[in-house]
Amino acid sequence: MIRNILTARIKAEFDNISSREVLDLVDSFWGVVGYNLKKRNRIEIRGFGVFSPKRLVARKIKNPISGKIISVPTRNSINFKTSPELVKKLSSKEGLS
């Protein structure tokens, strides 16, 4: 789902908030999530899942086409673990509705 569709769906639920305010809230939410992941903090959203920062160590890989060995530097990544409640909702016949 793209940001504008998410904003429109939230706006449909709350008539007393303008679309601009909803967009600002969505942007602020993801800004806080990004900031905390950058600071290597774990983020848990109950009923949805957990975002955890993950450090991928440097390693050497083989290019399957050329056969050359390439060094991949250490980098940061994000791990997401879905909550059991969300898995159950997605697995049910009714879905998320």
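Numbers given in my numbering equal positions in the sequence shown, counted from 1, plus 12.
Note that the Cβ used here is the ideal one computed from N, Cα and C, for glycine as well.
Computed from a predicted model, the values in this text were never measured in an experiment.
Residue burial classification, residue i (beta-carbon count within 10 angstroms, cutoff 16)
{"i": "V69", "result": "exposed"}
{"i": "F63", "result": "buried"}
{"i": "T94", "result": "exposed"}
{"i": "V99", "result": "exposed"}
{"i": "V44", "result": "exposed"}
Selection from the options that minimises the alpha carbon distance to residue i
{"i": "R87", "options": "K66, N48 and R32", "result": "K66"}
{"i": "I90", "options": "R71, N53, L18 and R21", "result": "N53"}
{"i": "R71", "options": "V84, I77 and G61", "result": "V84"}
{"i": "F60", "options": "K101, F26 and R15", "result": "K101"}
{"i": "R58", "options": "N16, T19, I17 and P96", "result": "P96"}
{"i": "I17", "options": "L35, I29, E106 and D27", "result": "L35"}
Identified DSSP bridge partners for residue i
{"i": "T94", "result": "G61"}
{"i": "R67", "result": "N88"}
{"i": "E56", "result": "V62"}
{"i": "I73", "result": "I82"}
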